[in-house]
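Here the structure is laid out as structure tokens; the discussion comes afterwards.
Number of protein chains: 2
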Amino acid sequence: MIKVSIIGSGNVAQQLITTFQNLEKSGSEIELVQVFSRKKESLTHLLHSEQIISDLDDLQEVDLYLIAISDDAIESLSGELPFKNRLVAHTSGSMPLTIVNDNNRKGVFYPLQTFTKGIAVDFKQIPICLEAENPTDYQVLNRVAKIISDKVYAINSDQRKALHVAAVFVNNFTNHLFAIGNEICTENQIPFEILKPLMEETVQKAQTLSPEEAQTGPAIRNDQKTIAAHEAFLTNKNQLKLYKILTQSIQENGKKL
Amino acid sequence: MIKVSIIGSGNVAQQLITTFQNLEKSGSEIELVQVFSRKKESLTHLLHSEQIISDLDDLQEVDLYLIAISDDAIESLSGELPFKNRLVAHTSGSMPLTIVNDNNRKGVFYPLQTFTKGIAVDFKQIPICLEAENPTDYQVLNRVAKIISDKVYAINSDQRKALHVAAVFVNNFTNHLFAIGNEICTENQIPFEILKPLMEETVQKAQTLSPEEAQTGPAIRNDQKTIAAHEAFLTNKNQLKLYKILTQSIQENGKKL
Chain A
1 MIKVSIIGSG NVAQQLITTF QNLEKSGSEI ELVQVFSRKK ESLTHLLHSE QIISDLDDLQ
61 EVDLYLIAIS DDAIESLSGE LPFKNRLVAH TSGSMPLTIV NDNNRKGVFY PLQTFTKGIA
121 VDFKQIPICL EAENPTDYQV LNRVAKIISD KVYAINSDQR KALHVAAVFV NNFTNHLFAI
181 GNEICTENQI PFEILKPLME ETVQKAQTLS PEEAQTGPAI RNDQKTIAAH EAFLTNKNQL
241 KLYKILTQSI QENGKKL
Chain B
1 MIKVSIIGSG NVAQQLITTF QNLEKSGSEI ELVQVFSRKK ESLTHLLHSE QIISDLDDLQ
61 EVDLYLIAIS DDAIESLSGE LPFKNRLVAH TSGSMPLTIV NDNNRKGVFY PLQTFTKGIA
121 VDFKQIPICL EAENPTDYQV LNRVAKIISD KVYAINSDQR KALHVAAVFV NNFTNHLFAI
181 GNEICTENQI PFEILKPLME ETVQKAQTLS PEEAQTGPAI RNDQKTIAAH EAFLTNKNQL
241 KLYKILTQSI QENGKKL
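Just so you know, the sequences run in chain order A and B. Here full-length UniProt numbering is used: the first residue of the first sequence is 1, the next is one more, and so on. Here full-length UniProt numbering is used: the first residue of the second sequence is 1, the next is one more, and so on.
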């Protein structure tokens, strides 16, 4: 058995708790021992009260502590842990391995996905990015990760920083373009769902081909007539600004990307 | 039976030909009569030679002519048709109903999807946007559309123009952000496939919630520290410019969208 405890009660913590619990029921080799949260009540819908602790001194010895709390709090919390030389991994995409306090052995266990509170995810399909200070610790992280996911990657701190920025482009910014699309639909009494198959195919095509090969539309084929018509159509200043800048970026970089 | 002929040999024309042929085999009420192409050889892999014509005068009388050619050519080609008062529909997202020559009854039959040459699509999942001058013609378009797709919408020319612009945002521009993500991954020896589940979830979440509710990331939570770290990381000028503008747009409009 691999004994794991989780520190945190937010979105990622709760998704991990649920996943570990389901795995325990089906007899996996992971045992979720304790979960630390300053506010016990935020976890009582998921765990027996005796599994939830709100004092770090109550943490039992386990093989892996997973810190799933906000980025800013990782450094100080890892410094408060009342033990030494145990494996402590954070789950953040934007923090380096070294943010974990020197008292313990450092690791990163970063699930690359956007989580929605209350909506369960299938962890099997979520890439987990791992980093550790030494091969033995890496193997512990790797064993846990492979039990919960089919997609496990060794990603160092520099790569993870890059990955996090790339994720902002393909998730946060893409979602914002979806919001603009929704706004245009709403303004014209068009159901946004009509765009869903196109949105899904955009993802599939970018992965089957590459985004560079998959690029279509007036910008890449330099169709000035359509571009002018679209710009004339867009009376919303922000929509027009984004249209112009993204069109320009595709024209200047779309082919050489 | 509904008799249909197609004018054109490009991507959309070929997808429609294949779909109609498969439906004929399974005994649907659509009969694909002829396909017009100036270059017969571009269709010989799909059709018997006698079904392909390269002279408009050879067009037989059918219930519906579908013009699937480039936007710029629709007006002049529809003016060359050697008959009157028949139902002629184009398949373009960016052209109005009125672009079809007055000699015939005008219609629009616009499948909203990004097609890739040689990759067959499941038309059942592709929204088809219809418009006609009168209810009788609309019914003909509607019967054909419902045979090939589960998603049929009445969309007038103004709405279709808006939809086409929205599609540029959720497809062309989104794909460009994927290209930037791929570029960042490549520069840091990260496989782009690692981002695929996130890209897929971004689409699902924007449709399950709404894109406005689904917005996450440093911009919407005004996390200046992470934004500054990302901006310091981005040495590529174009990447940095897009990062700043999209971050600003989310901050200014993300919540009220």
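Backbone N, C-alpha and C fix where the C-beta goes; we use that ideal spot for every residue, glycine too.
Endpoints, the alpha helix (DSSP H) within which residue i is located
{"i": "I6(B)", "result": "That residue, I6(B), is in no alpha helix (DSSP H); its beta strand (DSSP E) goes I2 to I7."}
{"i": "H164(B)", "result": "S157 to A167"}
{"i": "D137(A)", "result": "P135 to I148"}
{"i": "A229(B)", "result": "Q224 to F233"}
{"i": "I17(A)", "result": "N11 to K25"}
Own chain partners of residue i with C-beta closer than 6 Å, once the 5 adjacent residues on each side are dropped
{"i": "F192(B)", "result": "N182 and C185"}
{"i": "E187(B)", "result": "none"}
{"i": "K84(A)", "result": "N103"}
{"i": "I99(A)", "result": "I74 and E75"}
{"i": "E201(B)", "result": "none"}
{"i": "Q215(B)", "result": "G254"}
{"i": "R86(B)", "result": "N104"}
For residue i, the residue or residues it bridges with in DSSP
{"i": "H90(B)", "result": "I67(B) and V108(B)"}
{"i": "I30(A)", "result": "I2(A)"}
{"i": "I53(B)", "result": "F36(B)"}
7 Å Cβ shell around residue i - same chain, five flanking residues per side excluded
{"i": "R38(A)", "result": "S54"}
{"i": "Y138(A)", "result": "L130 and A132"}
{"i": "Y243(B)", "result": "H230, E231 and L234"}
{"i": "V144(A)", "result": "I2, V4, I30 and L64"}
{"i": "T19(A)", "result": "F123 and I148"}
{"i": "P197(B)", "result": "none"}
{"i": "V121(B)", "result": "Q15, Q113 and F115"}
{"i": "D71(B)", "result": "S92, S94 and M95"}
{"i": "Q34(B)", "result": "S5, Q51, I53, L59 and Q60"}
Collapsed DSSP secondary structure at residue i in the structure displayed
{"i": "A120(B)", "result": "coil"}
{"i": "I190(B)", "result": "coil"}
{"i": "G181(B)", "result": "helix"}
{"i": "residue 258(B)", "result": "Outside the shown range of chain B, which is 1 to 257, sits residue 258(B), and nothing can be said about it."}
{"i": "H45(A)", "result": "coil"}
{"i": "P197(B)", "result": "helix"}
{"i": "N172(A)", "result": "helix"}
{"i": "Q207(A)", "result": "helix"}
{"i": "A73(A)", "result": "helix"}
{"i": "E61(B)", "result": "coil"}
{"i": "I220(B)", "result": "coil"}
{"i": "T114(B)", "result": "coil"}
{"i": "K84(B)", "result": "coil"}
{"i": "G79(A)", "result": "helix"}
{"i": "Q125(B)", "result": "helix"}
{"i": "Q215(A)", "result": "coil"}
{"i": "N238(A)", "result": "helix"}
Start-to-end residues for the beta strand (DSSP E) that takes in residue i
{"i": "L130(A)", "result": "I128 to A132"}
{"i": "V152(A)", "result": "V152 to A154"}
Closest residue to residue i among the options (Cα-Cα distance)
{"i": "N236(A)", "options": "A162(B), L87(B) and Q21(B)", "result": "A162(B)"}
{"i": "V170(B)", "options": "A206(B), Y138(B) and V144(B)", "result": "A206(B)"}
{"i": "R221(A)", "options": "N253(A), L195(A), V62(A) and E75(A)", "result": "N253(A)"}
{"i": "E41(B)", "options": "S9(B), Q34(B) and I69(B)", "result": "S9(B)"}
{"i": "Q15(B)", "options": "Y65(B), D72(B), I30(B) and Q113(B)", "result": "Q113(B)"}
{"i": "L56(B)", "options": "T44(B), L77(B) and H48(B)", "result": "L77(B)"}
{"i": "D223(B)", "options": "G107(A), V203(A), I147(A) and V168(A)", "result": "V168(A)"}
{"i": "I119(A)", "options": "T174(B), L209(B) and Q189(B)", "result": "L209(B)"}
{"i": "E80(B)", "options": "P127(B), K146(B), N101(B) and G93(B)", "result": "N101(B)"}
{"i": "I128(A)", "options": "S26(A), E24(A) and V152(A)", "result": "V152(A)"}
{"i": "L47(B)", "options": "N22(B), L66(B) and F173(B)", "result": "N22(B)"}
{"i": "N156(A)", "options": "L97(A), V165(A), L177(A) and R105(A)", "result": "L97(A)"}
{"i": "I194(A)", "options": "H176(B), D158(B), A154(B) and Q51(B)", "result": "A154(B)"}
{"i": "L246(A)", "options": "Y110(B), A214(B) and F173(B)", "result": "F173(B)"}
{"i": "G107(A)", "options": "P82(A), V62(A) and V140(A)", "result": "V140(A)"}
{"i": "K146(A)", "options": "P111(A), V62(A), A228(A) and V203(A)", "result": "P111(A)"}
{"i": "Q248(A)", "options": "H176(B), A228(B) and Q189(B)", "result": "H176(B)"}
{"i": "V62(B)", "options": "V88(B), T44(B), M199(B) and H45(B)", "result": "V88(B)"}
is_contact[residue i, chain C] using C-beta, thresh 7 Å
{"i": "F36(A)", "result": "Going by chain labels, chain C is absent from the structure shown, which instead holds the protein chains A and B."}
Close beta carbons around residue i, own chain, < 8 Å, minus the five adjacent residues each side
{"i": "T226(A)", "result": "P218"}
{"i": "residue 262(B)", "result": "As displayed, chain B neither begins before 1 nor continues past 257, which places residue 262(B) out of reach and without an answer."}
{"i": "A68(B)", "result": "I6, I7, G8, G10, V12, A13, L16, H90 and T91"}
{"i": "D150(B)", "result": "K124 and Q125"}
{"i": "Q204(B)", "result": "none"}
{"i": "P82(A)", "result": "L56, D57 and L59"}
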